[in-house]
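Enquirer: Sharing a structure below in structure tokens format, with a few things to ask.
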Amino acid sequence: MVERGSDKHIAYAASKAATDNMTRSFARKLAPEVKVNAIAPSLIMFNEGDDEAYRQQALDKSLMKIAPGEKEISDLIDYLFTSRYVTGRSFAVDGGRPLR
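Pasting the structure below:
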């Protein structure tokens, strides 16, 4: 959403872009003592009340064709905690949705 904007969700798109900019700004301000990164998830988990048609529609929007879950986020967090040289980045965890 940051790259292409949204005519239906203007405030949401603006907040995503602001998060990217704040991440870079804080990384510059706090380096080298503190690493600053952001995780920008798209649809991550389904609610128990979501019907199968909704779930399938969400999967169809992803290039990866797998149900997203907290594992994808926790794996990225582990990587960022152990990395010594990554800062000022926002990581989209979105299954390639913007590429569709």
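Residue numbering for the sequence shown is 1 to 100, as defined by the UniProt record's numbering.
For glycine and all other residues, C-beta sits at the position ideal for the given N, C-alpha and C.
Treat the numbers as computed from the prediction; the structure is a model and nothing was measured.
Could you spell out where the alpha helix (DSSP H) holding Ala-18 opens and where it closes?
Expert: The count along the sequence shown starts at 1 and reaches residue 18 at position 18. Segment 10-30, the alpha helix (DSSP H) holding Ala-18.
Enquirer: May I have a chain-ordered list of the alpha helix (DSSP H) segments no shorter than 4 residues that lie completely inside the segment 61-96?
Expert: Those alpha helix (DSSP H) runs which fall completely within the segment 61-96 and span 4+ residues are 70-82.
Enquirer: Per the contact definition of three or more C-beta pairs closer than 8 Å, is the segment 71-89 in contact with the segment 5-19?
Expert: With a cut-off of 8 Å, the segment 71-89 and the segment 5-19 do not count as touching, because too few Cβ pairs lie within range.
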